[in-house]
Structure formats: structure tokens, C-alpha cells
Amino acid sequence: MDVTEFQKWVHDYYENRGWSDLDIFIRIGFLAEETGEVARAIRALEIGRDRPDEVTDSFMNNRKALIEELGDVLGNVIVIANQYNISLEEVFNSHKEKLSKRYSNE
1 MDVTEFQKWV HDYYENRGWS DLDIFIRIGF LAEETGEVAR AIRALEIGRD
51 RPDEVTDSFM NNRKALIEEL GDVLGNVIVI ANQYNISLEE VFNSHKEKLS
101 KRYSNE
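29 is the number that full-length UniProt numbering gives to position 29 of the sequence shown; each next residue is one higher, with no gaps.
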């Protein structure tokens, strides 16, 4: 599945569940929450758990958790992009152009 197909799939999936109707500031809150969960998943991969009541899991399970959390972040980013009629391809190209210009002297 390419990025355009995935963006359309997310649009349809969220739309069918009424998740796209949420206020944009609620969506930003979800994005922030999911970003925190990415940080927690990375911590588990890199340093394990740091509280005695937390269970240390295998590398593969921790990696799977990170993939899932990155998907949740991406889903929220796509919903935000869709809200403003922005394609992910446009985001990718803009980001590439910005970095290319910013660091072209290196």
C-alpha cells in the first residue's frame, strides 16, 4: 500500500467510526498522548523498565509495541492533515525541500 492509499484508508476508517468529527484540539491532545507512548516504547527498547512493578518484555515485543505506537501517531497526523486537505505526499515533499535548503551548504 502506498502513502496515498494509506491516507485514504485512514480517512475512511476514522470517518466510519465518527473519529474524524472530533474537535481539532482534541485530536492534538490524542497526538500528544500517542507521542508520549512512543517515548515509553523507546525507553522500553533502550533501557528497559525502571520501576520495580513494571515487567521487562522481550526485544521483539517491545519493538512490536513501538511499531503500534508509531502507527497511532501516524494515524493522528493523517487525520490532522485530512482536516486541512493536505496530502502526506505534500508533507513529505515540503519536508524534504526544507531540509535540502537548510543544509545544502554541508
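We put the beta carbon where it would ideally sit given N, CA and C, even for glycine.
Source: prediction; values computed, not measured.
Report yes if the CB atom of residue 80 is closer than 9 Å to the CB atom of residue 28, and no otherwise.
Residue mapping note: residue 80 aligns to position 80 of the sequence shown, counting from 1. Residue mapping note: residue 28 aligns to position 28 of the sequence shown, counting from 1. Cβ atoms of residue 80 and residue 28: closer than 9 Å.
Write down every uninterrupted run of the alpha helix (DSSP H) in the region 2-52 whose length is 4 residues or greater and which is fully enclosed by it, in chain order.
3-16, 24-46
Exposed unless 16 or more other CB atoms sit within 10 angstroms - verdict on residue 3:
Against the sequence shown, residue 3 aligns to sequence position 3. The residue in question, residue 3, is exposed, as its Cβ has fewer than 16 Cβ neighbours within 10 Å.
I'd like to check one pair, residue 66 with residue 78: are the Cβ atoms closer than 9 Å?
Start at 1 with the first residue of the sequence shown, and residue 78 comes out as number 78. Start at 1 with the first residue of the sequence shown, and residue 66 comes out as number 66. Contact flag unset, no.
Cβ neighbour criterion (16 or more within 10 Å) applied to residue 76
Stepping through the sequence shown from its first residue, residue 76 is reached at position 76. Residue 76 should be labelled buried.
Look at the alpha carbon of residue 34 and the alpha carbon of residue 64, and state the distance between them as a whole number of angstroms.
Indexing the sequence shown from 1 puts residue 34 at position 34. Indexing the sequence shown from 1 puts residue 64 at position 64. Taking the straight line joining both Cα atoms gives about 15 Å.
By Cβ distance below 8 Å, which residues in the same chain neighbour residue 20 in space, the five residues on each side in sequence not counted?
The residue you call residue 20 lines up with position 20 of the sequence shown. Cβ neighbours of residue 20 beyond the five flanking positions: 11, 14, 79, 82, 83.
Check this for me: beta carbons of residue 31 and residue 73, under 9 Å apart or not?
Reading the sequence shown from its first residue, position 31 is the one you call residue 31. Reading the sequence shown from its first residue, position 73 is the one you call residue 73. Contact: yes.
Within 9 Å, strictly: CB atoms of residue 44 and residue 53:
Numbered from 1 along the sequence shown, position 44 holds the residue referred to as residue 44. Numbered from 1 along the sequence shown, position 53 holds the residue referred to as residue 53. No, they are not a contact pair.
Under three-state DSSP, which class holds residue 85?
Sequence index remark: in the sequence shown, residue 85 carries index 85 (1-based). Coil at residue 85, not helix or strand.
Cβ-Cβ distance between residue 5 and residue 38 below 9 Å:
Mapped onto the sequence shown, residue 5 falls at position 5. Mapped onto the sequence shown, residue 38 falls at position 38. No. Outside cutoff.
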